[in-house]
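A.B. asks:
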Amino acid sequence: MLRDVAPAEVHRAVRPALAGLPKGRKLVFRARLDRWWDDLVEPLRRVYPRADSEALATALAVKAARAFAERPEELHALDLRRQLRPDWLQRSDMIGYAAYTERFAGDLRGVGERLPYLQELGVRYLHLMPLLKPRPGDNDGGYAVADYRSVREDLGDIEDLRSLATMLRENGVSLVLDLVLNHVAAEHKWAVRARAGEQRYRDYFYVYPDRARPDEFEATLPEVFPDFAPGNFTWDAELDGWVWTTFNAWQWDVNWSNPEVLAEYVDIVLFLANLGVEVVRLDAIAFLWKRAGTNCQNQPEVHDLTQVMRTVARLTCPALAFKAEAIVGPRDLVQYLGLGKHVGRVSDLAYHNSLMVQIWSMLAARNVVLARQALGSLPPIPPGSSWICYVRCHDDIGWAIDDGDAAAVGLNGHLHRMFLSDWYAGVMPDSWADGLVFQENPQTLDRRISGTSAALAGVSDSGRAGDGLDRFFLAHAIAWGWGGVPVIWSGDELAAPNDVGWASEAGHEGDNRWAHRPRLDPTRVADRHDTSTVAGQAFAMLVRLGRVRASLPQLHGGATPQVLWDTDHGVLAVVRRHPSGVFVGLYNVTGEWRPFPMDRLRALGLRAPLDALSGNVVTSGADGVIRLHPHAAWWVVEGAE
Ligand code: GLC
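In the working numbering, the protein residues as written are 42 to 682.
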C-alpha cells in the first residue's frame, strides 16, 4: 500500500481546489504532494523559524492545487513530456538566444514572425528580456516591474504572450521570462499602498525611520550602481522612512523575511507557468536575503527560498525550469545549482559567470594559467543541472576573479582586474578591444565593461577583420564546448558592433549597457548568408558551432568538463568523458602557434583524433607534437569508425 507522506490535513486542505477534476488527475496531484511535501516544509522551517511552517506549506500547496486545476491541458501534456525527458535542457542540441522584444522584432507578434531566423541558428530556448509592465520612464530595461500580470503595452498583451508561448512550444522552442523578485517598481501597487500608509504593504519592504539601521548595513554593503544610484537606501517622504533600494532609487527591494511576500511570488510563478513560460530567470537572486554584517548576497536563505518556489512548481507545473541569475564570484556560484541539502532542489540552470570572465581574461592575457586554476577548482555541479554558457549578456562584465585563485598562480587579483578593465576599455596601446567603462568606483577602483562580443573581441567591419573574428569564434567555441545551454546575445550572431547611438534614447543616457543592446540591423540580417561580409562570417560560425554541437553527445550537460592542468600556458584543454566517447576542446588563446602533445590525446583514448569543427584530422609532427594555429579552437573527438 502506498503511504501518504503529506499529512492528512494537507490532503484535506487541497481537496476543494481539485474538486472538479477527473479522478486520474487528482491522483497525479496527490502523488506529487506526497513526493514533494518534505521539500516544501523543510526550507520553510529554516527560513521562518518563528512561523508555523506546516501552515505556510499547506497554504502554498492550496495555491499549487488551484493553479494545477487551472493549468491548460496542453501544459499538463508538456509536464508529462518533460518528466519523460528530464535532461531536455542538457542535450547538446539545446541553443539559446536572448533579446529585447522591441529591439529584435518590434513586438510579440514580430517575434513569432522571426521564428525561422532563430531556427537557422538552431535556437530551442528564447529568453525575451523583461516585458511585463514596467514603471513609466527609465525602468532599468524592464527590471522595474509595476505589474506582473500585464504586458508592456507597446509589445502586446497577455493574450499575445500566451499565443507566442504556444506557437514557440509547438515549434520546439521554450520561452524564458524574467521573474524579477528582488524588487518592484516604486509604482507597483504594493509600493503605492505602502506609501498610502497600509501597514500590510509597508511590511513588504524594508523601511527604516532613521539612518541607524541603514548605516549599519551600509558598512558592509557594496554599491551596484555607484555612478547613477549610489548607496542602498532611498529616503521617501510619503513613507516617512528610508527604503532599501539596492539598484535604482525607484526599484524597491521586497522583504523576503515576510512570508506573505513569498506567497505573492509563488502566485506570480504559477501565473507565468500557466501562460506557457517554460523557464523562469530568477533575476538578481543573490540579493534576496539581507543580513547585517555581510554584503547581503548569497545568504543560505536564498537557496531555501528558491527550494520553496521550485517545490511549489513541482506540484503544479513540473515542466517549469528555474534559472538563477547570480552574477557572483566563483566560490558562491555552484550553490545556485544546489550543493549539500539543496542538491536537485533549487535551480536547473545558472549563468556560468566565471567561465565568461575567464574567456575574456585568457584572450587579453594570452595565457590560460588563471583560467585553469579558477575553472579547474570549481566543484562539480549536481547531475541534472547545467550552466548557461555565454560570452556576454545584456549586462556589463564585472571581473569576478577570486583573489585566492589569482594568488594560487602568482597573480595579484586586484592588478589583474585593473589590467582587464584597461584592456577591454581599449586604453592599452596594443589592445584590440572597443569596450566602454561602466560604473567606475573611485573607492574600490573597480571598473566594469560594456560592449558587444564583436566589440570586445576586436572585430571590425572595416579593415582586416581576421584576428577579431578568430577571437570571436574562439570565445564562442569555448563557451559552446563547455556543456550546458549556450546563449547567443541578440546581435552577436551578426557580429554587431556597439550601438554608437546608445545614449540618444531618453532614460538611457547614463547607462552604457545600452551600447551592447543594439536593435537588430536589417542590413546585417540581409547579409547573413553572404560570407564576404563580417556579419555573414559570424553568422556562419555560430550556425556551424550549433550544428556540430548538436551532433556531439559528448556535449550533453551531464558530462563534467575537466580542465587539464599541465598544458602549454597558451592552450586551454577541456576534456569531457561521455559513454559515447571522449571530447577534448583545445583552445589556443594566443596569436602564435602553440604545442600540444599527441600522447595526451592517445592517453585519453583518441586513436584517430579529428577536429569536429573543421572536419580536419589532427596530426602531429615527427616529434609527436600537435601545433595549434593562432587562436585555434578545436573540438577533438575520435574520427575512426
Ligand atoms: C539583473 C539584471 C540587470 C538589472 C538588475 C536589477 O542583474 O540582469 O540588468 O539591472 O538585475 O534588476
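All C-beta atoms, glycine included, are put in the ideal place defined by N, C-alpha and C.
Is it true that the CB of L218 sits closer than 9 angstroms to the CB of L172?
C.D. replies: By 1-based counting over the sequence shown, the position of residue 172 is 131. By 1-based counting over the sequence shown, the position of residue 218 is 177. Cβ distance < 9 angstroms, so L172 and L218 count as in contact.
A.B. asks: In angstroms with no decimal places, state the Cα-to-Cα distance between R618 and L654.
C.D. replies: As a position in the sequence shown, residue 618 is number 577, starting the count at 1. As a position in the sequence shown, residue 654 is number 613, starting the count at 1. Distance between the alpha carbons of R618 and L654 is about 18 angstroms.
A.B. asks: Please give the ranges of any beta strand (DSSP E) in the region 498 to 562, keeping only runs that are unbroken, at least 3 residues long and fully inside the region.
C.D. replies: 526 to 530
A.B. asks: Can you pull the DSSP bridge partners for C430?
C.D. replies: Walking along the sequence shown from the start, residue 430 turns up at place 389. Paired residue(s): P527.
A.B. asks: Is it true that the CB of R569 sits closer than 9 angstroms to the CB of R144?
C.D. replies: Position 103 of the sequence shown, counted from the start, is the residue given in the question as residue 144. Position 528 of the sequence shown, counted from the start, is the residue given in the question as residue 569. Against a cut-off of 9 angstroms, the Cβ pair of R569 and R144 comes out as no contact.
A.B. asks: Cβ of G646 within 8 angstroms of any heavy atom in the ligand GLC?
C.D. replies: In the sequence shown, the residue the question calls residue 646 occupies position 605. No, Cβ of G646 sits at least 8 angstroms from all heavy atoms of the ligand GLC.
A.B. asks: Measuring CA to CA, which of R585, P620 and G599 is closest to W676?
C.D. replies: Residue numbering aside, residue 676 sits at position 635 when the sequence shown is read from its first letter. Nearest of R585, P620 and G599 to W676, Cα basis: R585.
A.B. asks: What residue range does the alpha helix (DSSP H) around R313 cover?
C.D. replies: Here residue 313 corresponds to residue number 272 of the sequence shown, with the count starting at 1. Here residue 313 turns out to be Leu, not Arg, going by the sequence shown. From DSSP, the alpha helix (DSSP H) with L313 extends over P300 to L316.
A.B. asks: Under the rule that 16 or more other beta-carbon atoms within 10 Å means buried, what is Q376, buried or exposed?
C.D. replies: On the sequence shown, residue 376 is found 335 positions in, with the first residue counted as 1. With at least 16 other beta carbons inside 10 angstroms of its own, Q376 counts as buried.
A.B. asks: Any heavy atom of the ligand GLC within a distance shorter than 8 angstroms of the CB on H435?
C.D. replies: The count along the sequence shown starts at 1 and reaches residue 435 at position 394. Yes.
A.B. asks: Where DSSP assigns a beta bridge to T275, which residues make up the other side?
C.D. replies: Position 234 of the sequence shown, counting from 1, holds the residue named residue 275. Note: T275 sits in a beta bridge opposite V284.
A.B. asks: Would you tell me roughly how many angstroms separate the C-alpha atoms of T275 and L374, rounded to the nearest one?
C.D. replies: Within the sequence shown, numbered from 1, the residue matching residue 275 stands at position 234. Within the sequence shown, numbered from 1, the residue matching residue 374 stands at position 333. So the alpha carbons of these two residues sit roughly 29 angstroms apart.
A.B. asks: Using the Cβ count rule (16 or more neighbours within 10 Å means buried), how would you classify F258?
C.D. replies: As a first step, residue 258 is located in the sequence shown; it is residue number 217 there, counting from the start. Burial call: buried.
A.B. asks: Is V321 near the ligand GLC, judged by its Cβ being under 8 angstroms from some heavy atom?
C.D. replies: Within the sequence shown, numbered from 1, the residue matching residue 321 stands at position 280. No; taking the cut-off as 8 angstroms, the Cβ of V321 has no heavy atom of the ligand GLC nearer than that.
A.B. asks: Take G504 and list the residues in its own chain whose beta-carbon comes closer than 6 angstroms to its own, dropping the five residues that flank it on each side.
C.D. replies: Position 463 of the sequence shown, counted from the start, is the residue given in the question as residue 504. In this prediction, G504 has a pLDDT of 49, which is less than 50 and means its spatial position is unreliable; nothing more can be read from the coordinates.
A.B. asks: State the Cα-Cα distance for the pair D148 and L159, rounded to the nearest angstrom.
C.D. replies: Stepping through the sequence shown from its first residue, residue 148 is reached at position 107. Stepping through the sequence shown from its first residue, residue 159 is reached at position 118. Near 16 angstroms, if we compare the C-alpha coordinates of L159 and D148.
A.B. asks: Give the DSSP bridge partners of A673, in chain order.
C.D. replies: Here residue 673 refers to the residue found at position 632 when the sequence shown is read from its first residue. For A673, which the question treats as bridged, DSSP gives no partner whatsoever.
A.B. asks: Return the chain-ordered list of same chain residues with a C-beta closer than 6 angstroms to the C-beta of A673, the five sequence neighbours on each side being excluded.
C.D. replies: Residue mapping note: residue 673 aligns to position 632 of the sequence shown, counting from 1. Same-chain partners within the cutoff: N629.
A.B. asks: How many whole angstroms separate the CB atoms of C358 and R112, which I take to be in contact at a CB cut-off of 8 angstroms?
C.D. replies: Within the sequence shown, residue 358 is the residue found at index 317, counting from 1. Within the sequence shown, residue 112 is the residue found at index 71, counting from 1. That belief holds up - the Cβ atoms of C358 and R112 are roughly 6 angstroms apart, short of 8 angstroms.
A.B. asks: Buried or exposed: Q399, going by 16 or more other Cβ atoms within 10 Å of its Cβ?
C.D. replies: What you label residue 399 is simply residue 358 of the sequence shown in a count that begins at 1. Classification of Q399: buried, given that the 10 Å Cβ count is 16 or more.
A.B. asks: Does DSSP put P48 in a helix, in a strand, or in coil?
C.D. replies: In the sequence shown, counting from the first residue as 1, residue 48 sits at position 7. Coil at P48, not helix or strand.
A.B. asks: Can you check the region 413 to 498 for any alpha helix (DSSP H) of at least 4 residues that lies completely inside it and give the ranges in chain order?
C.D. replies: 444 to 449, 454 to 465 and 494 to 498
A.B. asks: Hey, would you say the C-beta of R36 is under 8 angstroms away from at least one heavy atom of the ligand GLC?
C.D. replies: Only positions 42 to 682 of the chain appear in this structure, which leaves residue 36 out of reach.
A.B. asks: By Cβ distance, which residues of its chain are closer than 6 angstroms to I519, with the 5 residues on each side in sequence left out?
C.D. replies: As a working note, residue 519 is residue 478 in the sequence shown. So the list reads I400 and Y628, once near-sequence residues are dropped.
A.B. asks: Just verifying my parser: in three-state terms, what is the DSSP assignment at W293?
C.D. replies: By one-based count along the sequence shown, residue 293 stands at place 252. Looking at W293 - three-state DSSP - the assignment turns out to be strand.
A.B. asks: How is R132 classed by DSSP in three states: helix, strand or coil?
C.D. replies: For the purposes of this step, residue 132 is taken as the residue at position 91 of the sequence shown. Coil.
A.B. asks: Does at least one heavy atom of the ligand GLC sit under 8 angstroms from the Cβ of F288?
C.D. replies: To locate residue 288, count along the sequence shown from 1; it is residue 247. It does: the Cβ of F288 is within 8 angstroms (strictly closer) of some heavy atom of the ligand GLC.
A.B. asks: Starting from A333 and walking both ways along the alpha helix (DSSP H), at which residues does that stretch end?
C.D. replies: The sequence position of residue 333 within the sequence shown is 292, counting from 1. Element bounds for A333: n/a, residue is neither H nor E.
A.B. asks: Counting beta carbon pairs with one atom in the region 165 to 181 and one in the region 288 to 298, are three or more of them shorter than 8 angstroms?
C.D. replies: yes
A.B. asks: Using a Cβ-based criterion (distance less than 8 angstroms to any ligand heavy atom), does H610 qualify as near the ligand GLC?
C.D. replies: Numbered from its first residue, the sequence shown carries residue 610 at position 569. H610: no, Cβ never under 8 angstroms from the ligand GLC.
A.B. asks: Do the region 444 to 461 and the region 400 to 414 touch if we need at least three Cβ pairs shorter than 8 angstroms?
C.D. replies: yes
A.B. asks: Taking C-alpha atoms, which residue in D188, G525, V353 and L497 lies nearest to L101?
C.D. replies: Position 60 of the sequence shown, counted from the first residue, corresponds to residue 101. Taking only the C-alpha atoms, the option nearest L101 is V353.
A.B. asks: When burial is assigned at 16 or more other CB atoms within 10 Å of the CB, is I529 buried or exposed?
C.D. replies: Counting from one through the sequence shown, the residue named residue 529 turns up at place 488. Counting Cβ neighbours within 10 Å, I529 comes out buried, since at least 16 surround it.
A.B. asks: With a 10 Å radius around its C-beta and 16 neighbouring C-beta atoms as the bar for buried, classify A58 as buried or exposed.
C.D. replies: As a position in the sequence shown, residue 58 is number 17, starting the count at 1. A58 should be labelled buried.
A.B. asks: Sort Y247, E200 and Y138 by Cα distance to N296 and report the nearest one.
C.D. replies: To locate residue 296, count along the sequence shown from 1; it is residue 255. Measuring from the Cα of N296, the nearest candidate turns out to be Y247.
A.B. asks: State yes or no: is the C-beta of Q414 within less than 9 angstroms of the C-beta of A391?
C.D. replies: Translated into the one-based positions of the sequence shown, residue 414 becomes position 373. Translated into the one-based positions of the sequence shown, residue 391 becomes position 350. No, the Cβ-Cβ distance between Q414 and A391 is not below 9 angstroms.
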